[in-house]
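Worksheet: one structure, shown below.
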Amino acid sequence: METLRLMIVRTLIAAGAVMALGGPALAQNAPAKAAPTAAGMTLEQFQAKNGDKLFARLDANKDGKISPDEFAAFRKQNAEVDAKASGKAGKRGQRLFARFDTDKDGSLSRTEADALLAWRFKRMDTNNDGVLTLEELQAKGGKAKVGV
1 METLRLMIVR TLIAAGAVMA LGGPALAQNA PAKAAPTAAG MTLEQFQAKN
51 GDKLFARLDA NKDGKISPDE FAAFRKQNAE VDAKASGKAG KRGQRLFARF
101 DTDKDGSLSR TEADALLAWR FKRMDTNNDG VLTLEELQAK GGKAKVGV
């Protein structure tokens, strides 16, 4: 989780530097939503940047879908925190998986994983402006509602 956050922050910093140095040239050749701006990252950019990596990381057996066991292994650290914080010990991950398994086939497809990323984006976007700023990406301890 922290590694993903750090990668996003580094990407935003690098994008800001690229925009500052070559902004006019990039603006002429790219669609408005194609590159992260210094202001932040849109949902489309967030999914494009993180979707493939997240899916590959969760799909441990590379069968093109995420099983409940693969999801639980990914969430292990969060599940341990959940267990300590409430009496619902480990149930949050199961409920989350069930929520995003919209076709109820017992696994998450890439489309369902993208919906999970959209949900995460919405929780991180604390001011609900549709853009994740550097401050929202760096939020700690209860400031942003993050986590999968």
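Okay, so the sequence shown: first residue is 1 according to the working numbering, each after it adds one.
Idealized CB from N, CA, C, for every residue including glycine.
In this text the structure is predicted, and so the values were computed from the model without any measurement.
Helix, strand or coil at residue i according to DSSP, with G and I counted as helix
| i | result |
| --- | --- |
| Thr102 | coil |
| Gly40 | strand |
| Arg92 | helix |
Supposed close pair residue i, residue j - CB separation, criterion 8 Å
| i | j | result |
| --- | --- | --- |
| Leu43 | Phe100 | In fact, because the Cβ distance is near 16 Å, the residues do not count as touching under 8 Å. |
| Met117 | Gly51 | Checking the sequence shown, residue 117 turns out to be Leu, not Met. Leu117 to Gly51, Cβ: 6 Å. Contact. |
| Glu136 | Asp125 | 6 Å |
| Ser67 | Ser107 | 5 Å |
Residue of the options minimising C-alpha distance to residue i
| i | options | result |
| --- | --- | --- |
| Lys91 | Ala72, Asp105 and Ala118 | Ala72 |
CA-to-CA distance, residue j to residue i, given in whole angstroms
| i | j | result |
| --- | --- | --- |
| Gln28 | Asp103 | The pLDDT assigned to Gln28 is 45, lower than 50, so where the model puts this residue is not dependable; a value taken from the coordinates is nonetheless given after this. For Gln28 and Asp103, the distance between alpha carbons rounds to 42 Å. |
| Gly130 | Gly40 | 9 Å |
| Ala56 | Asp114 | 12 Å |
| Lys53 | Asp59 | 10 Å |
| Arg123 | Gln45 | 16 Å |
| Asn61 | Phe97 | 18 Å |
| Ala139 | Phe74 | 21 Å |
| Gln94 | Lys76 | 12 Å |
| Gln47 | Thr133 | 15 Å |
| Lys49 | Asp105 | 27 Å |
| Asn128 | Thr111 | 23 Å |
| Trp119 | Glu70 | 19 Å |
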